[in-house]
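Sequence order for the protein chains is P and Y. In terms of our numbering, the first sequence has 951 at position 335, counting the first letter as 1, and numbering is strictly consecutive. In terms of our numbering, the second sequence has 19 at position 17, counting the first letter as 1, and numbering is strictly consecutive. Virtual Cβ for every residue (Gly too), placed ideally from N, Cα, C. Let me begin by presenting the structure, written as structure tokens, before commenting on it.
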Amino acid sequence: MAQAEADTAALSGIRVLDLTTNYAAYAGRLLADLGADVVRVEPPEGSAVRRLAPSARARSGECVSFAHAFLDAGKRSVTLDLASAAGRARLAQLAAASDVVIETGAPSAQAGAPLDFAAIARRNPALVLVSISPFGRGGPYGGHAATDLTLLAAGGLLSLGGYADSAPLAVHGEQAMLACGIYGAVAALAALYARTQSGKGCWIDLSGQECVAFALEDALPEWSINARVRRRQGETAREAGTGVYPCKDGHVSMVAGRLGTAKAFDALTDWIAASGVPGGAELRAPQWRNFNYRQSPEGVARFAEIFGAFCRTRGKQELYREGQARQIAIAPVNTIAEVVEDAQLKANDFFQPQVEELWGKEVIFPGPPYRLSRTPARRRGPAPKLGEHNRELLEESEQSRNPTDIGVGPG
Amino acid sequence: MLDFCWVGAGAFVTRILADLGAEVIKVESHSHPDNLRLSGPHQPGAKALEGSGYFASRNSSKKSIALNMSHPRARAIALQLAARCSIVTNNFRPGVMERWGLDYAAVSAVNPSVIYLAMPMQGSRGPHRDYIGFGSTIAALCGLTSMAGLSGRAPIGTGTHYPDHLPNPGHALVAVLAAVLHRARTGEGQHVELAQIESTVNVLGPALLAWSATGALPRVDGNRRAGAVPRGVFPCAGEDVWCAIEVEDDRAWQGLVAALGAPEWMRAGELAALAGRAAREEMIERRLAEETRRLPAAELVERLQAHGVAAAKVATSADVAADPQLAARGYWHGVAHAEMGTVLANLPPFHAVGEERAPPAAPPLLGEHTVELASRLLGLGAAECRRLMDEQVFY
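Have a look at this one:
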């Protein structure tokens, strides 16, 4: 049975050492779901990931980190004291028998990376080392301290979030660090593929700032072409029909009129006008066909008034259903509690309740982000207890493992 | 790769694959151009469909074949191309590729080892499979929008189509590259589906677990977060200039105090430990703002970093384009473009140490590579290409 499962995993036989200490631990989680043997290397007191928010106290008094439960699911855990020469030698030995090492040791990457790539590569030329750091190696900010918030700032995304009359406001959930994790997995996989052609590993230098700078939408071309700096505008719609609008039980988000949705704007105005809401018939006037008017402060405000009256008596699920029936890109602004009730996600069995041992009861995991027909990704197990696999790995290392046996060379 | 990814998330997937060395053949036509070609900002003076900076930012290093899929003869040609490609991608609604005879069953029949990526917003099955949306509505549906803003005001999310920019293209790249690796090891291709809502919910995984365990929704309270005080965005000298600062622990607080010249109020003993600062969060934010507003952002960041405090200027698009770190690392490139002059293009956020980062190639003009590709991949001569152009198959 175990063999049959291993055969359907894209990354069966690939070993990954995971030395990450923040949300970039997501890289190893993604690889573990695809079937890699991901070994989390932790100091004796436990990786910092075990203390990341969100967390709560279990009845036993123990702190349960839901970030750790999510990010480290399906990994193995080995504790090593890297302050000791023996611990470092053991790490070098493990790295010599691994395919990938992922680390977030920077910002001091130049000086204090936990691994000397050149030395490891001499022992294991097929090794892929992925070094994830806030600003990448070198450069004027190479040594800068950073957190998710400051990375969102340095990469530019923070400048687009917030209300026009507030300070810039950040998105929830360590998105910059998660992006590092996603691209860390991308980089590892690309390097493993290159290795099937060359037989050689490499050292990947990944910058969080560069990840975040992918999320700036049209702000860069607005600057380079029009010398216009795009600023945060909060709840103010960019155009009549496109934005977040209040309704009876919360808010809805809508895009009607922009990006090739001209027909949807007509459907929307027909819908509103037919409802008999005050001002609704006004939306059939010719000026509403005009982009410039829809983007004017006057048009944006007047539309918000009329649509606000329309939505005041309608709930977000009703607006979602009825709007989509008219081919309008509208959606409820859901809380996490409402996401779990989403009819589509439920119908596709996306959510996966799982007993979380430390917490002592079921928690809900999201299903994998993608569905591969031959080599499905799936959560391979719970997050490991600290040092849970110390003995197992020691025994395995006594049977020597050569990474070049697996995944190198065509076919 | 044969690429039917238009507009948002999909275009980034295939762009990164192009950056990594794949030959990406973008299929579109004058009867159905990628909508992004119609979206601003537009370079003044550029020909219609060829001046969009938004399009340019997501399509560097790709090739373009102008194949009019609404022409009945185009479908056989597309299938021939698909037979010669190792990856076929689309982010259409379910049903479009089927209508064109280019669904996985049809493509894998002529190309058994093909990797076929579909990125429908809601997935290919289920009651909402035909629902439509954009990054901003996906973010709303999946919970991301509700978790950002100020308490008592409208939820605002990132202010962008965020899922299109990082989580969805990133996850799709993971899936495709895993499939590529699997094929390199076994010869087997496969179908990959990324339902954009399923992908996006994953970047809220920890919040979902926490809610299901405790019933608690994340606190929506600006930039504040339990465990780090202060954590926020503070004004600097100048108009609308800001600096993000996060004091992760008590040592960083001492660093902050020293960096600002140890003003009287910061030296108070009750602020030395997190609990004391958490109880006075509002006062700290107010008084810290009075300190930071006196300093230019660059000087503030330099001072704080010198004392080990995480801080960065809230970079505007203009700052990002001129960022010294990104410049030192060769992230941005000015690429010559026939209609736009020079376009700004970035590279993937990672590279191999010691390897030169090759600059990206220009985003393609619509149909720029039609003849080249028809000749090389389909064996069509110049006369045949001309005829297909006249018949508006290549259009």
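By the criterion of at least three beta-carbon pairs nearer than 8 angstroms, the region 816–831 of chain P is in contact with the region 739–755 of chain P.
Contact annotation for residue 840 of chain P against chain Y: 55, 323, 345, 346 [CB-CB distance below 8 angstroms, chain order]. The contact set of residue 763 of chain P on chain Y, defined by CB atoms closer than 7 angstroms, consists of 248, 250, 312 in chain order. Rounded to the nearest whole angstrom, the CA to CA distance from residue 375 of chain Y to residue 639 of chain P is 43 angstroms.
About 5 angstroms separates the beta carbons of residue 999 of chain P and residue 685 of chain P, which is inside the 8 angstroms limit, making them a contact pair. Of the residues P/704, P/831, P/755, the one whose Cα lies closest to the Cα of residue 776 of chain P is P/831. Excluding its 5 nearest sequence neighbours in each direction, residue 643 of chain P has C-beta neighbours in its own chain below 6 angstroms: 718, 797, 800, 801, listed in chain order. Between residue 294 of chain Y and residue 860 of chain P, the C-beta gap is not smaller than 8 angstroms, which leaves the two residues out of contact. For residue 51 of chain Y, the closest alpha carbon among the candidates Y/59, Y/60, Y/62, Y/36 is that of Y/36.
Unbroken alpha helix (DSSP H) stretches of 4 residues or longer found wholly inside the region 264–295 of chain Y: 276–281, 283–294, given in chain order. At a C-beta separation below 8 angstroms, residue 174 of chain Y has these neighbours in chain P: 986. Residue 784 of chain P and residue 828 of chain P have their alpha carbons spaced roughly 16 angstroms apart. Every alpha helix (DSSP H) stretch that sits fully inside the region 696–778 of chain P and reaches 4 residues is listed by chain position as 701–712, 725–728, 733–739, 764–771. Residue 793 of chain P: member of the alpha helix (DSSP H) spanning 791–814, first to last residue. For the pair residue 906 of chain P and residue 874 of chain P, the Cα-to-Cα distance works out to about 12 angstroms. Taking 8 angstroms as the threshold, the shortest C-beta distance from residue 887 of chain P to chain Y does not fall below it.
The region 967–980 of chain P and the region 623–632 of chain P do not touch, with fewer than 3 CB-CB distances between them shorter than 8 angstroms.
Per the DSSP secondary-structure output, residue 821 of chain P pairs in a beta bridge with P/747, Y/353. Taking CB atoms only, residue 6 of chain Y has no neighbour in chain P less than 8 angstroms away. Within its own chain, the residues whose Cβ lies closer than 6 angstroms to the Cβ of residue 971 of chain P, once the five positions on either side in sequence are excluded, are 978, listed in chain order.
In the same chain as residue 368 of chain Y, and ignoring 5 residues on each side of it, the C-beta atoms closer than 8 angstroms to its own belong to 30, 31, 32, 35, 39, 51, 52, 66, 68, in chain order. In the three-state reduction of the DSSP assignment, residue 112 of chain Y falls in the helix class. The beta carbon of residue 150 of chain Y sits closer than 6 angstroms to the beta carbons of 158, 159 from its chain, once the five residues preceding and following it are set aside; these are given in chain order.
Annotated three-state conformation of residue 343 of chain Y is strand, per DSSP. Counting only residues of its own chain and dropping the five nearest sequence neighbours on each side, residue 887 of chain P has a CB closer than 7 angstroms to the CB of 942. Straight across, the Cα-Cα distance linking residue 117 of chain Y with residue 170 of chain Y is about 18 angstroms. Under the 10 Å beta carbon count, residue 709 of chain P is surrounded by fewer than 16 other beta carbons and is classified as exposed.
Within the same chain, Cβ atoms closer than 7 angstroms to the Cβ of residue 231 of chain Y are found at 249, 276, 279, 280, 283, 286, the five residues on either side in sequence being excluded. For residue 835 of chain P, the uninterrupted alpha helix (DSSP H) segment begins and ends at 835–842.
Inclusion of residue 627 of chain P and residue 651 of chain P in the CB contact set at 8 angstroms is warranted, their separation being smaller than that value. Among the CB atoms of chain P, one or more fall inside 8 angstroms of the CB of residue 148 of chain Y. Within its own chain, the residues whose Cβ lies closer than 7 angstroms to the Cβ of residue 872 of chain P, once the five positions on either side in sequence are excluded, are 857, 858, 880, 881, 884, 944, 945, listed in chain order. Assignment of beta-bridge partners to residue 91 of chain Y by DSSP yields Y/5, Y/119. Pairing residue 712 of chain P with residue 736 of chain P, the inter-Cα distance amounts to about 6 angstroms. At a cut-off of 8 angstroms between beta carbons, residue 779 of chain P contacts chain Y. Contact annotation: residue 869 of chain P and residue 384 of chain Y have beta-carbon atoms that are not nearer than 8 angstroms.
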